[in-house]
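J.: One structure, pasted below without further comment.
In our numbering, the protein residues as written are 91 to 268.
Below is the structure:
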């Protein structure tokens with residue numbers, strides 16, 4: 091009978107160990123799923139636009155708008171840093187573009203940080219340029235690359251931009267205060 095109790099005790103311990111191992115594996119699997127669901131947003135899951143958000147940004151030969159990027163995918167993902175930008179002329183010809191990252195004439199830069207976007211969530215950045223007529227780039231379109239990769243959206247952008255210079259803040263989960 092002592093052997094039977096010892097066998098039962100060993101078997102019970104083995105089952106408890108196996109269950110604990112399964113729990114650990116399940117916890118690790120859940121953590122991996124969580125990590126996967128918050129990876130950087132992939133091309134094709136983001137839609138970039140410009141918007142005024144009811145606020146006109148104009149003064150002292152400066153003009154501005156907000157960049158808005160929306161997660162159109164089903165999975166949660168992240169964006170960080172600054173949007174890649176390029177001006178295009180008529181016929182989508184490339185124009186020399188000089189993006190400056192940081193504060194703009196109208197808004198403080200929140201600094202580069204990760205913004206988590208669930209499905210249909212948006213991130214924002216402030217975009218500003220001057221229009222005094224100094225070596226004007228006559229833009230018709232703006233390429234916006236939300237993650238700085240080659241994947242981008244092209245939006246209408248009928249603006250005269252001095253020297254092709256654009257100032258932009260980092261992405262933020264709320265529109266920058268102006």
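We treat Cβ as the ideally placed atom computed from N, Cα and C, and that holds for glycine. Just so we're clear, the structure is a prediction, and the values are computed from it rather than from any experiment.
Got a sec? Which residues, its chain only, sit under 6 Å from residue 127 by beta carbon, not counting five neighbours each side?
T.: Per-residue confidence for residue 127 stands at a pLDDT of 47, beneath the threshold of 50, marking its modelled position as unreliable; the derived number appears in the next sentence. Once the five neighbours on either side are set aside, the close Cβ partners of residue 127 are 165, 166.
J.: Per DSSP, which one or two residues make a beta bridge with residue 249?
T.: According to DSSP, which records beta bridges pairwise, residue 249 is partnered with 229.
J.: How many angstroms separate the CA atom of residue 265 from the CA atom of residue 159?
T.: Near 11 Å, if we compare the C-alpha coordinates of residue 159 and residue 265.
J.: May I ask you to report which of helix, strand or coil DSSP gives residue 239?
T.: Here residue 239 sits in coil by DSSP.
J.: Alpha carbons only, please: which of 204, 217, 132 is nearest the one belonging to residue 162?
T.: Considering only alpha carbons, the answer is 132.
J.: May I ask which residues mark the beginning and end of the beta strand (DSSP E) holding residue 140?
T.: Note, residue 140: beta strand (DSSP E), 136 to 141.
J.: Could you tell me which uninterrupted beta strand (DSSP E) segments, each at least 3 residues in length, are contained entirely in the stretch 145 to 209, listed from first to last along the chain?
T.: Runs found: 147 to 149, 152 to 161, 167 to 170, 174 to 178, 188 to 191, 204 to 207.
J.: When DSSP labels each residue in this structure, what does residue 218 get in the three-state scheme?
T.: DSSP places residue 218 in strand when its eight states are reduced to three.
J.: Can you tell me the Cα-Cα spacing of residue 192 and residue 258, whole angstroms?
T.: Between residue 192 and residue 258, the C-alpha separation is close to 6 Å.
J.: Name the residue from 216, 217, 227, 212 whose alpha carbon lies nearest to the alpha carbon of residue 168.
T.: Among 216, 217, 227, 212, the Cα nearest to that of residue 168 is on 212.
J.: My output table needs one value for residue 244: the three-state DSSP class, helix, strand or coil.
T.: DSSP places residue 244 in strand when its eight states are reduced to three.
J.: Taking the CB atoms as reference points, tell me whether residue 130 and residue 237 lie closer together than 8 Å.
T.: Their beta carbons are under 8 Å apart, which means residue 130 touches residue 237 by this criterion.
J.: Taking just the CA atoms, how far does residue 179 sit from residue 250?
T.: Residue 250 and residue 179: Cα-Cα distance of roughly 10 Å.
J.: Does the separation of the CB atoms of residue 157 and residue 195 fall below 8 Å?
T.: Contact: no.
J.: In its own chain, which residues sit with a C-beta less than 6 Å from the C-beta of residue 143, not counting the 5 before and 5 after it?
T.: Result list for residue 143: 156, 265, in chain order.
J.: Since residue 213 sits in a beta bridge, which residues does DSSP pair it with?
T.: Paired residue(s): 159.
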